[in-house]
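As structure tokens, the structure follows; a few thoughts come after it.
Protein chains: 4
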Amino acid sequence: MYITIDERDNRPIYHQVADGIKTLIAAGELRKGSTLPPVRQVAADLGVNQNTVAAAYRELQKEGLIRVRHGSGAKVVSQVLANKDDERAEERLRAVLADLVLSGRTRSEVLTLVNEALTRLARA
Amino acid sequence: MYITIDERDNRPIYHQVADGIKTLIAAGELRKGSTLPPVRQVAADLGVNQNTVAAAYRELQKEGLIRVRHGSGAKVVSQVLANKDDERAEERLRAVLADLVLSGRTRSEVLTLVNEALTRLARA
Amino acid sequence: MYITIDERDNRPIYHQVADGIKTLIAAGELRKGSTLPPVRQVAADLGVNQNTVAAAYRELQKEGLIRVRHGSGAKVVSQVLANKDDERAEERLRAVLADLVLSGRTRSEVLTLVNEALTRLARA
Amino acid sequence: MYITIDERDNRPIYHQVADGIKTLIAAGELRKGSTLPPVRQVAADLGVNQNTVAAAYRELQKEGLIRVRHGSGAKVVSQVLANKDDERAEERLRAVLADLVLSGRTRSEVLTLVNEALTRLARA
DNA sequence: GTGGTCTAGACCACG
DNA sequence: GTGGTCTAGACCACC
């Protein structure tokens, strides 16, 4: 599991964990039916509290990507988000692109970044 | 000021305001030397608390885009972000792209969204 | 045994099993003196862990409905719950009814559901 | 706010709190636009931890009934559950009715309970 | 003032 | 073994 936590990142840790797993699902590294590692293990690996990882799993379950069952762990049940609109992904996309442009990148540099990122996402 | 506040957007309001202004700067509608409208006016226009708009301005000042002076309002002083938080922006880009892919969009659909957004940003 | 396990049901599996058997008892399909099928068989039929079915039997025994004996299987010994947890049941009833109302059902629709359910329970 | 916590109730506390508020919404005591009391106040009133109440609010938000915003509290935004199917309300109804019947109540006694409960729910 | 996040650690529930 | 709940308390973010 290649998830990284960035202290300087404004996003809360549990969000970063969830996003990391979402990326793995989008990239096809975690397919429908795959079992996620135990909460405790992820917590130990990343050096964060178990509750924090549990919050990430809860988040993913809320979005319909995984199914968490009490004694038997978490499993990927879908590769499609349930609430497409709630997250306002397009709006966030615009904001991020504005940031990249404001950091001095040219249009083609931004497009290169986007293409590189998309290439890693199998289903795209 | 063409800024909109979306109730359903999960981002905090002050963030939405700051992002709106950043987009205007990136698009060239607000150039170096331009004066931003008074906090009170923006607050009234958007129907939000003055403190919220003030927080947005503070954020923009922290990023080096504007300069806020007591009595003389806020002015755009740069069109380039001061913070070199490139990695964080790229990380957020990846997360947003993963969300778009997980919401069922194909690679070309995502690229269309990106191009549309970039076209509105003059400097890109 | 007409018990079904619903993956989408939030109740724990052992609870679903116990409730299924309780419904059979309430409906009179399992009468005082009847023998329940062996844990292994139920587990195999439903495709769940034996421990899970055992937990359900334990629950039913705790409520005074069945008697589990090593070697001789489980037998229905009563058609009346031992625990006087009436208030808790009523509280749960209120919560479920609130949910049904909040899901948009009218009073008469709810009453229809209730009547249908009661009709299947012989002793009612 | 007439919410009660029952130690003997099997449901987790945060669930009992959420159910209590749902009942108030279903009964029309909390209408669309109403503001919920602060997390801290509810926590103090009920004698539970703030995190527990926060979990209840999160639950209600997930179900689409309230909208929680950072600095400005929680507000009722809908009187209809967003995820009607996820909760399997009808299945839980059958289980509760079976319990009431098994506790020795006749059909008419159960119907009286149901009617009393529904009478308190305005929208029913 | 409001809610959100995170931690440490205890204890419970499920399979 | 797995995840869930709850607590106490600290600190942060938002309006």
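Protein chains in written order, with my numbering: chain A, 2 to 125; chain B, 2 to 125; chain C, 2 to 125; chain D, 2 to 125. Each residue gets a CB set at the ideal place from its N, CA and C atoms; glycine is no exception. Computed from a predicted model, the values in this text were never measured in an experiment.
Exercise for the section: Please work out which residues of its chain come closer than 8 Å, Cβ to Cβ, to Gly-48 (chain C), disregarding the five sequence neighbours upstream and downstream, and give them in chain order. Expected result: As a position in the third sequence, residue 48 (chain C) is number 47, starting the count at 1. Taken in chain order, the residues that qualify are Ile-6.
Exercise for the section: Could you tell me how far apart the beta carbons of Val-69 (chain C) and Ala-75 (chain C) are, in whole angstroms, since I believe they sit closer than 8 Å? Expected result: Residue 69 (chain C) sits at position 68 when you count from the first residue of the third sequence. Residue 75 (chain C) sits at position 74 when you count from the first residue of the third sequence. So it is a contact: roughly 5 Å between Cβ atoms.
Exercise for the section: Measure the C-alpha to C-alpha separation of Asp-100 (chain D) and Ala-90 (chain C) and round it to an integer number of angstroms. Expected result: Mapped onto the fourth sequence, residue 100 (chain D) falls at position 99. Mapped onto the third sequence, residue 90 (chain C) falls at position 89. Cα to Cα, the separation comes out at about 7 Å.
Handout entry: Host beta strand (DSSP E) of Val-77 (chain A) (start-end)
Key = One-based indexing of the first sequence puts residue 77 (chain A) at position 76. It spans 74 to 77 - the beta strand (DSSP E) in which Val-77 (chain A) sits, taken as one unbroken run.
Handout entry: Residue-level contact to chain C via CB, Arg-95 (chain D), 7 Å cutoff
Key = Position 94 of the fourth sequence holds residue 95 (chain D). So yes, Arg-95 (chain D) belongs to the interface.
Practice task
Taking only the alpha-carbon atoms, compute the straight-line gap between Leu-37 (chain C) and Val-77 (chain C) and give it to the nearest angstrom.
Solution key: Working through the third sequence from its first residue, we reach residue 37 (chain C) at position 36. Working through the third sequence from its first residue, we reach residue 77 (chain C) at position 76. So the alpha carbons of these two residues sit roughly 7 Å apart.
Practice task
Using a Cβ-Cβ cut-off of less than 7 Å, give me the residues of the stretch 55 to 78 of chain D that come near chain B, in sequence order.
Solution key: For the stretch 55 to 78 of chain D, which is checked against every Cβ of chain B, the residues closer than 7 Å are His-71.
Exercise for the section: Below 8 Å on the Cβ atoms is my guess for Leu-122 (chain B) versus Ala-27 (chain B); work out the distance and round it to an integer in Å. Expected result: For the purposes of this step, residue 122 (chain B) is taken as the residue at position 121 of the second sequence. For the purposes of this step, residue 27 (chain B) is taken as the residue at position 26 of the second sequence. Contact flag correct, Cβ pair sits at about 5 Å.
Handout entry: Alpha-carbon spacing of Arg-41 (chain C) relative to His-71 (chain C), whole angstroms
Key = Sequence index remark: in the third sequence, residue 41 (chain C) carries index 40 (1-based). Sequence index remark: in the third sequence, residue 71 (chain C) carries index 70 (1-based). Spanning the two alpha carbons is a distance of roughly 13 Å.
Problem - Same chain, Cβ closer than 8 Å to Leu-98 (chain C), neighbours up to 5 away in sequence not counted - result: The residue given as residue 98 (chain C) occupies position 97 in the third sequence. Val-111.
Problem - Val-69 (chain A) - containing beta strand (DSSP E), residue span - result: Walking along the first sequence from the start, residue 69 (chain A) turns up at place 68. Note, Val-69 (chain A): beta strand (DSSP E), 67 to 70.
Exercise for the section: Under 8 Å by Cβ, that's how I've got Asp-10 (chain A) and Glu-92 (chain B) pegged, so tell me the actual separation to the nearest angstrom. Expected result: As a first step, residue 10 (chain A) must be located in the first sequence, where it is residue number 9. As a first step, residue 92 (chain B) must be located in the second sequence, where it is residue number 91. That belief holds up - the Cβ atoms of Asp-10 (chain A) and Glu-92 (chain B) are roughly 7 Å apart, short of 8 Å.
Handout entry: For Ala-57 (chain D) and Gly-29 (chain A), the rounded distance between their alpha carbons
Key = Position 28 of the first sequence, counted from the first residue, corresponds to residue 29 (chain A). Position 56 of the fourth sequence, counted from the first residue, corresponds to residue 57 (chain D). Looking at the two C-alpha atoms, the distance is approximately 34 Å.
Problem - Short Cβ contact (7 Å threshold) for Val-54 (chain C) with Val-115 (chain D) - result: Indexing the third sequence from 1 puts residue 54 (chain C) at position 53. Indexing the fourth sequence from 1 puts residue 115 (chain D) at position 114. The answer is no: Cβ separation not under 7 Å.
Problem - DSSP three-state assignment for Leu-25 (chain D), whether helix, strand or coil - result: Mapped onto the fourth sequence, residue 25 (chain D) falls at position 24. Three-state DSSP puts Leu-25 (chain D) in a helix.
Exercise for the section: Answer yes or no: do Lys-63 (chain A) and Lys-63 (chain D) have a C-beta to C-beta separation smaller than 7 Å? Expected result: What you label residue 63 (chain A) is simply residue 62 of the first sequence in a count that begins at 1. What you label residue 63 (chain D) is simply residue 62 of the fourth sequence in a count that begins at 1. In contact: Lys-63 (chain A) and Lys-63 (chain D) (Cβ atoms closer than 7 Å).
Problem - Partner residues on chain D for Asp-46 (chain C), Cβ-Cβ distance less than 8 Å - result: Position 45 of the third sequence, counting from 1, holds the residue named residue 46 (chain C). None at all; the shortest Cβ gap to chain D is about 19 Å.
Problem - Spatial distance of Thr-107 (chain A) from Leu-94 (chain A) (CA atoms) - result: As a position in the first sequence, residue 107 (chain A) is number 106, starting the count at 1. As a position in the first sequence, residue 94 (chain A) is number 93, starting the count at 1. As the crow flies, the alpha-carbon of Thr-107 (chain A) is around 17 Å from that of Leu-94 (chain A).
Practice task
Please look up how many angstroms separate the CB atoms of Gly-65 (chain C) and Ala-83 (chain C), rounded, as I've assumed it's under 8 Å.
Solution key: Residue 65 (chain C) sits at position 64 when you count from the first residue of the third sequence. Residue 83 (chain C) sits at position 82 when you count from the first residue of the third sequence. Going by Cβ atoms, the distance from Gly-65 (chain C) to Ala-83 (chain C) rounds to 3 Å, so yes, they are a contact pair.
Practice task
For the stretch 16 to 42 of chain C, enumerate the residues whose C-beta is nearer than 8 Å to any C-beta of chain A, in chain order.
Solution key: none
Handout entry: For Leu-37 (chain B), the residue or residues it bridges with in DSSP
Key = Here residue 37 (chain B) refers to the residue found at position 36 when the second sequence is read from its first residue. Leu-37 (chain B) is bridged to B:Ala-75.
Handout entry: Pairwise C-alpha distance: Arg-59 (chain B) and Gly-34 (chain A)
Key = Here the question's residue 34 (chain A) lines up with position 33 in the first sequence. Here the question's residue 59 (chain B) lines up with position 58 in the second sequence. Those two C-alpha atoms are separated by around 47 Å.
Problem - Residue-chain proximity (Ala-118 (chain B), chain A), Cβ-Cβ < 7 Å - result: Stepping through the second sequence from its first residue, residue 118 (chain B) is reached at position 117. So, interface residue.
Problem - Whole-angstrom C-beta distance between Ala-19 (chain B) and Leu-61 (chain B), which should lie under 8 Å - result: Your numbering for residue 61 (chain B) matches position 60 in the second sequence. Your numbering for residue 19 (chain B) matches position 18 in the second sequence. Leu-61 (chain B) to Ala-19 (chain B), Cβ: 6 Å. Contact.
Handout entry: Thr-53 (chain D), enclosing alpha helix (DSSP H) - first and last residue
Key = Within the fourth sequence, the letter at position 52 stands for residue 53 (chain D). Segment 51 to 63, the alpha helix (DSSP H) holding Thr-53 (chain D).
Problem - Coil, strand or helix - Ile-14 (chain D) by DSSP - result: Indexing the fourth sequence from 1 puts residue 14 (chain D) at position 13. Looking at Ile-14 (chain D) - three-state DSSP - the assignment turns out to be helix.
Handout entry: Residue burial classification, Arg-3 (chain D) (beta-carbon count within 10 angstroms, cutoff 16)
Key = If you number the fourth sequence from 1, residue 3 (chain D) lands on position 2. The amino acid at residue 3 (chain D) is misidentified as Arg; the sequence shows Tyr. By the neighbour-count rule (16 or more Cβ atoms within 10 Å), Tyr-3 (chain D) is not buried but exposed.
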